[in-house]
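Engineer: Numbering (the numbering used here), first residue to last: 8 to 354.
Shown below is the structure under consideration.
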Amino acid sequence: MNRNEFLRLSAGVIAGFGMAGIDGGWARAREAGGSGDATLDESWLVKGLTAMVQANGWFDAHWGAAVIAGYYLCNENEFDEITRTGIRQQLETVIEVRAEQFTPLPEAKADERRIPEVAAALRPAIEDGLRAHGHAVIYASLATKALREAPHMATPKIINGLCGLSRQIARHKPERPQNVDGDGAYPSSQAMIAATFDSLARFKDLVGDPTIRRPNFTHMVTHTEALLNLDELGYAALARTGHLGHRAHIGAPVPDTVPHRNAQAQRASLQDVMSGDFWNDEAHRDSWRRKWSISENPNGYWIAAGHLFKVLYAYHRLIRHMEDAEQIRLCSAVLLERYINPAVQGG
């Protein structure tokens, strides 16, 4: 399948689960080198990489990774102008709120030959199972993609800082999946993606019942995309090393709880979230800007440190590899309900 055929297929899938399709234009894959101005320029990659390496510990690297993901979310898809403007304004607020972390670094000589070091440093953090919900591969994959597009950022500070994030996470004890023999490798990235969607679909009966805490659907999705991206960047063997941890991640059990059948369903869709109404809703803007608090503001700080941008970037990439429109619709509700309804925790 060539690129044009692939894009036509992805547009058809998107149309099939309730989004504007190839004629609507606001949610289809952007052709490489196609017409239309890029939503964001390279400076956003610079900002994101800068914030990642100026993080106070690996968790705070979320903010820089969120900006990089937001850049690709906008530039790899075609959304309507209102939605694109809303996304950009929220990214600007991320930088405003975390201004110190985004302070520009002093100029330094770059060496793009060092970019592969970021992937090499990742291996100890993904061997033998799952650590930190896949954050090492999520960070390294996004950063490598950004560095290839902005090689002038391959300075000692950036490369050393990114490698350091993986080393921090490598100290965590790995979680291994149950009932998996050998290295747990999938036959292909496509099989890994299909396994992720099959896993999400298991939780369909929870949709509409906020009383049941969800497993970490967000990171299951971003973890999957990160391994796919590594494979596409030429690190197929390294990506396979991460499959064992991925199996542990998506193997979370369905809560052994009878759903509240009378609970009011709030079935989220990708169309709902990728709309101007969602991104420009003043209640969202207020809650996202304020600090996260489980009791008072569960949707604060962009759903805990910018996950909103990362999960949407990752999910848009993954659905282009799926043909079952009904499964995509179902998994969208499972995954995105957390972002529509703050009463839903976990996820």
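By construction, the Cβ of each residue, glycine as well, lies at the ideal position given by its N, Cα and C atoms.
Below 8 Å, how does it come out for the stretch 105-112 and the stretch 143-154: are there three or more Cβ pairs, yes or no?
Structural biologist: Judged by Cβ distances under 8 Å, the stretch 105-112 makes no contact with the stretch 143-154, as fewer than three pairs qualify.
Engineer: Are the Cβ atoms of Ala73 and Phe285 separated by less than 9 Å?
Structural biologist: Contact: no.
Engineer: What are the partner residues of Ser300, as DSSP defines its beta bridges?
Structural biologist: Note: Ser300 sits in a beta bridge opposite Asn304.
Engineer: Between which two residues does the alpha helix (DSSP H) carrying Ser339 extend?
Structural biologist: Run containing Ser339: Ala332 to Ile347, per the alpha helix (DSSP H) assignment.
Engineer: State the Cα-Cα distance for the pair Asp30 and Gln278, rounded to the nearest angstrom.
Structural biologist: Any reading at Asp30 must be qualified, since the residue scores a pLDDT of 27, below 50, and its modelled position is unreliable; no value is offered.
Engineer: Using the Cβ count rule (16 or more neighbours within 10 Å means buried), how would you classify Gly313?
Structural biologist: Buried, because 16 or more other Cβ atoms sit within 10 Å of the Cβ of Gly313.
Engineer: Tell me whether the stretch 233-250 and the stretch 171-186 touch, counting them as touching only if at least three CB pairs, one residue from each stretch, are closer than 8 Å.
Structural biologist: Contact fails: fewer than three Cβ-Cβ distances are below 8 Å.
Engineer: Taking buried to mean at least 16 other C-beta atoms within 10 Å of its own C-beta, is Glu333 buried or exposed?
Structural biologist: Looking at its Cβ environment, which holds fewer than 16 other Cβ atoms inside 10 Å, Glu333 is exposed.
Engineer: Using alpha carbons as the reference points, say which of Ser282, Arg296, Leu213 and Thr218 lies closest to Leu337.
Structural biologist: If we check each option's Cα against that of Leu337, Leu213 comes out closest.
Engineer: What is the rounded straight-line gap between the Cα of Gly55 and the Cα of Pro163?
Structural biologist: Distance between the alpha carbons of Gly55 and Pro163 is about 16 Å.
Engineer: Check whether the Cβ atoms of Ala161 and Arg130 sit closer than 9 Å, and answer yes or no.
Structural biologist: No, the Cβ-Cβ distance between Ala161 and Arg130 is not below 9 Å.
Engineer: Which residue from Arg174, Thr218 and Asp135 puts its Cα closest to that of Asp188?
Structural biologist: Selected option, being the one with the closest Cα: Asp135.
Engineer: Going by other Cβ atoms of all chains shown within 10 Å of its Cβ, with 16 needed for buried, is Arg105 buried or exposed?
Structural biologist: Classification for Arg105: buried.
Engineer: Is Arg221 near Arg345, with beta carbons less than 9 Å apart?
Structural biologist: Their beta carbons are under 9 Å apart, which means Arg221 touches Arg345 by this criterion.
Engineer: Tell me which residues share the same chain as Pro194 and place their Cβ nearer than 7 Å to its Cβ, disregarding the 5 neighbours each side in the sequence.
Structural biologist: Closer than 7 Å at Cβ, skipping near neighbours: no residue.
Engineer: Would you kindly check if the distance between the Cβ of Gly252 and the Cβ of Gly141 is under 9 Å?
Structural biologist: Yes.
Engineer: So, is the C-beta of Asp67 closer than 9 Å to a C-beta in chain C?
Structural biologist: The chain inventory of the structure shown lacks chain C, comprising one protein chain alone.
Engineer: Give every residue of the same chain whose Cβ lies closer than 6 Å to the Cβ of Glu12, excluding the five residues on either side of it in the sequence, and list them in chain order.
Structural biologist: Since pLDDT at Glu12 reaches only 39, below the 50 mark, its modelled position is unreliable, and no value is offered.
Engineer: Specify, as a first and last residue, the run of the alpha helix (DSSP H) that Arg221 falls within.
Structural biologist: Arg221 -> no alpha helix (DSSP H), and no H or E assigned at all.
Engineer: Let's test the definition: count the other Cβ atoms within 10 Å of the Cβ of Gly71 and tell me whether it reaches 16, buried, or not, exposed.
Structural biologist: Gly71 is buried by the Cβ-count criterion.
Engineer: Provide the residue span of the alpha helix (DSSP H) that contains Lys116, from first to last.
Structural biologist: That residue, Lys116, is in no alpha helix (DSSP H); it is neither H nor E in DSSP.
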